[in-house]
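Q: Each residue of the sequence shown is one higher than the one before, starting from 12 at the first, in this note's numbering. No residue lacks a Cβ here, since even glycine has one placed at the ideal position from N, Cα and C. Structure in structure tokens, see below.
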Amino acid sequence: MIYLCAGPAAIATRNDWLPILQRAIDDADGRWSTEQLLADVEAGKVLVWIVSRDEKIVGVFTVRVIESGVRWILIEDCAGDDLASWIMPALNAVETWARELGATQIVIEGRKGWERMLRPYGYESKRIQAVKRLESIQ
């Protein structure tokens, strides 16, 4: 089952989904924090999608709806087990939902390895995100 959880309902169930999503947060080089994610979820800025199988959560990903002249969906964080078994139905669910919202595109931010996994589902790399760690000046 794939379902959307938002606002207070998502916050109330965070102990179920946050431990899984924490893997993606921890892998974000400090650019995301658990505290900020929860604040954005509570404020309705971030929506949580949950993938479950046999009443066990196997995947979690977060989305933002962006309004910038056109409406588009940003998938920011994704984590789970046996991703290959649920990524296609999860993407189909998000794409259906996005179309119903009138979104014109979905953008996924993630590690480089996502590029190969997403290509068979019609996603292509359009931009890169280069990161350089800056040492503090003492």
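1) Might you give, ordered along the chain, the residues of its own chain that have their beta carbon closer than 6 Å to the beta carbon of leucine 94, omitting 5 neighbours on each side?
2) Using the Cβ count rule (16 or more neighbours within 10 Å means buried), how would you classify isoleucine 139?
3) What's the gap between the Cα of isoleucine 31 and the Cα of glycine 91?
4) Under 7 Å between C-beta atoms, does tryptophan 108 make it to chain D?
5) Distance, Cα to Cα, valine 118 vs arginine 127?
6) Taking the C-alpha atoms as reference points, what is the distance between leucine 85 and serine 63?
7) May I have the straight-line CA-CA distance separating arginine 25 from alanine 17, to the nearest angstrom?
8) Between which two residues does the alpha helix (DSSP H) holding glutamine 47 run?
9) Where DSSP assigns a beta bridge to tyrosine 14, which residues make up the other side?
10) Could you check what DSSP says for arginine 75 in three-state terms: helix, strand or coil?
A: Checking against the coordinates, here is how it stands:
1) Sequence index remark: in the sequence shown, residue 94 carries index 83 (1-based). For leucine 94, where only same-chain residues beyond five positions count, there are no Cβ hits under 6 Å.
2) Mapped onto the sequence shown, residue 139 falls at position 128. Per the 10 Å Cβ criterion, exposed.
3) One-based indexing of the sequence shown puts residue 31 at position 20. One-based indexing of the sequence shown puts residue 91 at position 80. So the two alpha carbons sit approximately 6 Å from each other.
4) Here there is only one protein chain, and chain D is not present.
5) In the sequence shown, residue 118 corresponds to position 107, counting from 1. In the sequence shown, residue 127 corresponds to position 116, counting from 1. Distance between the alpha carbons of valine 118 and arginine 127: 15 Å.
6) Residue mapping note: residue 85 aligns to position 74 of the sequence shown, counting from 1. Residue mapping note: residue 63 aligns to position 52 of the sequence shown, counting from 1. Cα to Cα, the separation comes out at about 21 Å.
7) Taking the first residue of the sequence shown as 1, we reach residue 25 at position 14. Taking the first residue of the sequence shown as 1, we reach residue 17 at position 6. Distance between the alpha carbons of arginine 25 and alanine 17: 10 Å.
8) For the purposes of this step, residue 47 is taken as the residue at position 36 of the sequence shown. That run of the alpha helix (DSSP H) goes 45 to 53.
9) Translated into positions along the sequence shown, residue 14 becomes position 3. Per DSSP, Ile61.
10) For the purposes of this step, residue 75 is taken as the residue at position 64 of the sequence shown. The answer is strand: DSSP assigns arginine 75 an E or B state.
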